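What follows is a short report on a single structure.
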Amino acid sequence: MSKLFLYDFDGTISRKDTLFDFLRFTIRKDKLYFGYLVLTPIFVLTFLRLSKRSFAKERLISHFLKGKTRAELAQMSEKFLNNMLTEKKFRTSALASIKDDKKEGAVYIVSASLDIWLKDIANHLGVHLICTWAKFENNVFTGKFLGPNCNNEEKPRRVQSEISLEEYNSITYYGDSKGDLAMKEIVDHFEYRKFE
Numbered sequence: 005m006s007k008l009f010l011y012d013f014d015g016t017i018s019r020k021d022t023l024f025d026f027l028r029f030t031i032r033k034d035k036l037y038f039g040y041l042v043l044t045p046i047f048v049l050t051f052l053r054l055s056k057r058s059f060a061k062e063r064l065i066s067h068f069l070k071g072k073t074r075a076e077l078a079q080m081s082e083k084f085l086n087n088m089l090t091e092k093k094f095r096t097s098a099l100a101s102i103k104d105d106k107k108e109g110a111v112y113i114v115s116a117s118l119d120i121w122l123k124d125i126a127n128h129l130g131v132h133l134i135c136t137w138a139k140f141e142n143n144v145f146t147g148k149f150l151g152p153n154c155n156n157e158e159k160p161r162r163v164q165s166e167i168s169l170e171e172y173n174s175i176t177y178y179g180d181s182k183g184d185l186a187m188k189e190i191v192d193h194f195e196y197r198k199f200e
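Residue numbers (the working numbering): 5 to 200.
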């Protein structure tokens with residue numbers, strides 16, 4: 005038996021949320037601001053808790069990325085990863101922790117962010133990935149998620165369905181927000197905002 009290390013991504017490994025960062029980096033400014041304007045009613049409903057955050061997130065991503073091919077999104081993702089590395093948007097202490105933990109056992113990123121940009125990041129870090137998946141048809145992004153947004157109670161559900169937890173004698177989770185708290189139920193060690 006070995007150890008299992010699970011890391012949230014946004015705010016834990018990265019310095020801030022990468023959804024808006026990805027959109028700012030990949031979408032032209034005028035299109036971005038116009039899109040935000042169009043989506044304002046949804047943002048307001050979400051702020052007033054009259055609409056689910058996952059719905060607003062899906063609509064936001066759909067507005068800007070729907071219709072793009074896998075190849076186009078892969079190119080955007082590669083450029084975004086290079087920007088994150090150049091601009092030092094990763095927490096140095098988190099990267100050092102991942103490097104150490106890889107020597108001790110299996111390491112996963114468990115994130116609500118999308119595979120569109122997280123796959124390249126996980127590959128770069130040499131870790132496994134559990135996240136919100138984008139739905140494609142004929143290699144074109146439909147604007148929908150393939151399954152629920154991987155946050156809150158969905159995080160431990162996905163971990164339990166994708167990893168044989170009984171194979172590990174120690175499970176550690178690193179998180180930084182309320183969306184991570186449900187993970188406390190399935191891990192031995194819960195590290196909160198360790199890398200700030």
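The C-beta atom is built at its ideal place from N, Cα and C for all residues, glycine as well. Bear in mind that the values here come from a model prediction, so they are computed numbers and not experimental data.
| query | result |
| --- | --- |
| Own chain residues within Cβ distance below 7 Å of T16, not counting five before or after | A98, Y178, G179, D180 and F199 |
| For L41, the residue or residues it bridges with in DSSP | Beta-bridge pairing links L41 to no other residue. |
| Candidates Y40, T73 and S18, of which the one nearest L27 by Cα | Y40 |
| Assigned secondary structure, I102 (DSSP; H/G/I helix, E/B strand, else coil) | helix |
| Backbone CA spacing between K103 and F13 [nearest angstrom] | 15 Å |
| For D21, the nearest candidate out of A116, L133 and E171 (CA to CA) | A116 |
| Helix, strand or coil at V114 according to DSSP, with G and I counted as helix | strand |
| G71 classed as buried or exposed, judged by whether at least 16 other C-beta atoms fall within 10 angstroms | exposed |
| Exposure of T44, with buried meaning 16 or more beta-carbon neighbours within 10 Å | exposed |
| Complete runs of the beta strand (DSSP E) confined to the stretch 114 to 197 [at least 3 residues] | 132 to 136, 138 to 141, 144 to 149, 172 to 179 and 193 to 196 |
| Chain C contact for R28 (CB, 8 Å cutoff) | In summary, chain C is missing from the structure at hand, where a single protein chain is found. |
| Limits of the beta strand (DSSP E) - the one that F199 falls within | Where F199 is concerned, there is no enclosing beta strand (DSSP E), given that its DSSP letter is neither H nor E. |
| First through last residue of the beta strand (DSSP E) which encompasses K61 | Here K61 belongs to no beta strand (DSSP E); instead the alpha helix (DSSP H) covers R57 to L69. |
| Reference L23; option with closest CA among S58, Y11 and S6 | S58 |
| Cβ-Cβ separation, F145 to L64 (assumed contact under 8 Å), whole Å | About 13 Å; that fails the 8 Å criterion. |
| Local Cβ density within 10 Å of A126, reported as buried at 16 or more and exposed below that | buried |
| Between the CA atoms of N142 and N173 - distance to the nearest angstrom | 42 Å |
| Reduced DSSP secondary structure (H/G/I, E/B, other) of F13 | coil |
| Unbroken alpha helix (DSSP H) run spanning L52, endpoints | Premise fails: L52 is in no alpha helix (DSSP H) and is neither H nor E. |
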